[in-house]
Amino acid sequence: MNIRLLALFSVLLIWGCSEDGNEAPPPEVNFTTQQAAISADNESTELRLVFSRAVSSGGQVVVNWQSDGLVYGEENDFYTVPASDATNAVALEYAAGEEAVSFEVRKGNGLNIQEDLEVTFSISDPEGFIAGTQNSVEVIFGENFIAESGLIAFDAGGADFDFINYVDLSKNQLTSVDKKTWDLGFYNGDGYNVILNSAAYVMARPLDKTDLTSVSAADTAGFGFQMVIPQFDPTLGASAWVDSPDGDLSKTAIGDISATSDDSPVFIIKRDGENRNWKKVKVFQSGDAYEIQFADIDSEDISSTTIDKSTAHNFVHFDLDNGVVSSEPEKEFWDIQYGSFTELFPFGGPGVTIPYGFKDFITINRYNTEAALVMEEDLAYENINLSDMETITFDSVIDVIGENWRQGGGPNAQPSLLDDRYFILKDSEGNYYKLRFTQLTSSTGERGKAEFQYKLIQ
Numbered sequence: 007m008n009i010r011l012l013a014l015f016s017v018l019l020i021w022g023c024s025e026d027g028n029e030a031p032p033p034e035v036n037f038t039t040q041q042a043a044i045s046a047d048n049e050s051t052e053l054r055l056v057f058s059r060a061v062s063s064g065g066q067v068v069v070n071w072q073s074d075g076l077v078y079g080e081e082n083d084f085y086t087v088p089a090s091d092a093t094n095a096v097a098l099e100y101a102a103g104e105e106a107v108s109f110e111v112r113k114g115n116g117l118n119i120q121e122d123l124e125v126t127f128s129i130s131d132p133e134g135f136i137a138g139t140q141n142s143v144e145v146i147f148g149e150n151f152i153a154e155s156g157l158i159a160f161d162a163g164g165a166d167f168d169f170i171n172y173v174d175l176s177k178n179q180l181t182s183v184d185k186k187t188w189d190l191g192f193y194n195g196d197g198y199n200v201i202l203n204s205a206a207y208v209m210a211r212p213l214d215k216t217d218l219t220s221v222s223a224a225d226t227a228g229f230g231f232q233m234v235i236p237q238f239d240p241t242l243g244a245s246a247w248v249d250s251p252d253g254d255l256s257k258t259a260i261g262d263i264s265a266t267s268d269d270s271p272v273f274i275i276k277r278d279g280e281n282r283n284w285k286k287v288k289v290f291q292s293g294d295a296y297e298i299q300f301a302d303i304d305s306e307d308i309s310s311t312t313i314d315k316s317t318a319h320n321f322v323h324f325d326l327d328n329g330v331v332s333s334e335p336e337k338e339f340w341d342i343q344y345g346s347f348t349e350l351f352p353f354g355g356p357g358v359t360i361p362y363g364f365k366d367f368i369t370i371n372r373y374n375t376e377a378a379l380v381m382e383e384d385l386a387y388e389n390i391n392l393s394d395m396e397t398i399t400f401d402s403v404i405d406v407i408g409e410n411w412r413q414g415g416g417p418n419a420q421p422s423l424l425d426d427r428y429f430i431l432k433d434s435e436g437n438y439y440k441l442r443f444t445q446l447t448s449s450t451g452e453r454g455k456a457e458f459q460y461k462l463i464q
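Its first residue numbered 7, the sequence shown is counted upward by one per residue in the numbering used here.
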């Protein structure tokens with residue numbers, strides 16, 4: 007009997023070992039880019055490492071660095087956050103369930119170079135991971151850096167899309183901001199135009215009044231049910247309360263900006279989110295600047311602010327609680343924006359639309375930036391070159407990429423990538439990049455975690 011039990015135990019032990027051998031391999035870890043840069047215009051860069059799937063337990067990934075003549079230290083040439091130890095190692099902690107870690111490389115106070123120099127960061131033998139093919143990145147310290155390729159991993163904060171991501175392809179740089187940090191954007195170019203924060207689903211509805219103090223809650227009766235996104239009743243005309251999604255400044259909800267206060271209509275500004283009261287607003291010209299007057303709906307305490315134009319940005323962003331805010335990179339330092347967006351969706355017949363909130367939406371910079379969709383069957387991603395640019399039709403409308411890289415995602419359909427296409431983007435410096443989306447959701451199916459790869463066309 008004992009021999010039989012021992013034999014049975016041995017079989018079970020062997021079977022158990024076989025089961026262990028069938029366990030999934032460790033997740034792979036890769037940098038999202040192979041090049042990054044530090045320059046006078048870009049004094050820091052975030053380096054991001056992504057896991058092929060969410061980790062089951064916490065731990066750390068160690069990155070080692072090797073310098074090409076640069077000295078580590080905040081008072082020297084460069085330093086990292088978190089800090090490196092004496093062995094040139096940066097330890098990056100992660101928690102269970104995470105899919106990425108990151109660290110910053112920053113310009114030191116003593117940096118003074120006469121030629122381009124670089125620091126290489128490499129993934130050390132990672133415990134619990136497999137180092138992928140993109141296991142190192144060169145950070146170039148210089149003035150003329152242009153990234154030749156990269157992998158951008160968006161993070162909009164998950165399914166709620168609380169954040170907007172801006173990407174500068176030539177610097178392989180991603181900037182993330184809270185999408186509700188501003189309400190109105192005042193155009194810095196020729197003329198006078200004001201846009202709404204379409205990422206935060208802001209709406210503007212005009213009243214037949216020009217005096218803010220005469221507006222009360224009675225003037226907005228029923229607006230709470232009408233000024234919503236999506237608004238499925240096209241007879242309300244809610245499409246006129248949002249901006250044209252193509253970025254046409256002649257088709258904004260606020261419209262022409264009056265030269266005088268007397269001719270400026272009052273608008274009701276609807277904002278989503280906690281502690282974000284609706285506002286009554288007037289905007290008019292003030293010399294070469296803008297003047298905005300605003301208050302809570304029932305208040306007679308009117309605030310007024312003069313907003314000067316700035317050539318560094320496309321728009322001056324204004325928050326109706328906090329005034330002028332800095333929430334968008336300078337116009338020369340970003341190419342595309344990712345997150346949520348207000349579209350006009352066909353609904354109810356030819357030419358009829360409703361405002362609808364899209365997620366996983368891409369817009370391009372309106373400043374000297376163009377893009378085009380290319381079908382793989384017409385011109386393969388791997389084969390495209392600079393000579394092909396003459397045959398491609400580019401478009402400068404800001405929603406030229408939009409949701410055209412994916413399908414589904416509405417109330418009755420799960421989103422999925424469209425792998426039969428890619429995009430060409432021409433940035434404000436005249437560089438051509440090809441972009442191909444490689445991921446729509448995280449490994450657990452969470453939205454707001456899209457990825458794309460890109461490469462400079464030479």
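Just so you know, even glycine gets a beta-carbon here, dropped at the ideal spot from N, CA and C.
The structure presented is a predicted model; accordingly, all values stated were derived computationally and were not measured.
For residue i versus residue j, is the C-beta spacing smaller than 8 Å?
i: residue 325; j: residue 184; result: no
i: residue 134; j: residue 197; result: no
i: residue 221; j: residue 272; result: yes
i: residue 143; j: residue 41; result: yes
i: residue 153; j: residue 177; result: yes
i: residue 50; j: residue 125; result: no
i: residue 244; j: residue 170; result: no
i: residue 428; j: residue 376; result: no
i: residue 6; j: residue 52; result: Given that the chain is displayed from residue 7 to residue 464, the structure contains no residue 6 and the question cannot be resolved.
i: residue 148; j: residue 43; result: yes
i: residue 161; j: residue 204; result: no
i: residue 452; j: residue 163; result: no
i: residue 195; j: residue 38; result: no
i: residue 463; j: residue 410; result: no
Please look up how many angstroms separate the CB atoms of residue i and residue j, rounded, as I've assumed it's under 8 Å.
i: residue 440; j: residue 461; result: 6 Å
i: residue 107; j: residue 127; result: Their Cβ separation, rounded to whole angstroms, is 13 Å, which puts residue 107 and residue 127 out of contact at 8 Å.
i: residue 286; j: residue 301; result: 6 Å
i: residue 378; j: residue 430; result: 5 Å
i: residue 136; j: residue 32; result: 5 Å
i: residue 61; j: residue 34; result: Going by Cβ atoms, the distance from residue 61 to residue 34 rounds to 12 Å, so no, they are not a contact pair.
i: residue 444; j: residue 459; result: 6 Å
i: residue 434; j: residue 389; result: Contact flag wrong, Cβ pair sits at about 26 Å.
i: residue 363; j: residue 207; result: 5 Å
i: residue 246; j: residue 259; result: 7 Å
i: residue 132; j: residue 109; result: Not confirmed; about 15 Å, so no contact.
May I ask whether a heavy atom of the ligand ATP can be found less than 7 Å away from the beta carbon of residue i?
i: residue 393; result: Looking at this structure, you won't find the ligand ATP or any other ligand, since it has none at all.
On the three-state DSSP scale, how would you describe residue i?
i: residue 436; result: coil
i: residue 213; result: coil
i: residue 345; result: strand
i: residue 375; result: coil
i: residue 142; result: strand
i: residue 247; result: helix
i: residue 424; result: coil
i: residue 397; result: helix
i: residue 334; result: coil
i: residue 86; result: strand
i: residue 202; result: strand
i: residue 1; result: Residue 1 lies beyond the residue range present for the chain, which begins at 7 and ends at 464; the question has no answer from this structure.
Quick one: what's got a C-beta closer than 6 Å to residue i's C-beta in the same chain, skipping five residues either side?
i: residue 232; result: 242
i: residue 358; result: 240
i: residue 318; result: 336
i: residue 191; result: 201, 321 and 323
i: residue 75; result: 123
i: residue 167; result: 345, 346, 365 and 454
i: residue 95; result: 68 and 70
i: residue 331; result: 187, 188, 323 and 325
Among residues of its own chain, excluding the 5 on either side of residue i, which ones have a beta-carbon nearer than 7 Å to its beta-carbon?
i: residue 279; result: 186
i: residue 114; result: 79, 80, 81, 82, 83, 84 and 85
Handout entry: Contact the stretch 368-380 vs the stretch 333-344: 3+ CB pairs below 8 Å
Key = yes
Problem - Meets three-Cβ-pair contact criterion under 8 Å: the stretch 244-257 and the stretch 399-408 - result: yes
Exercise for the section: Spell out a yes or no on whether the stretch 211-226 and the stretch 258-273 are touching, meaning 3 or more CB-CB pairs, one atom from each, closer than 8 Å. Expected result: yes
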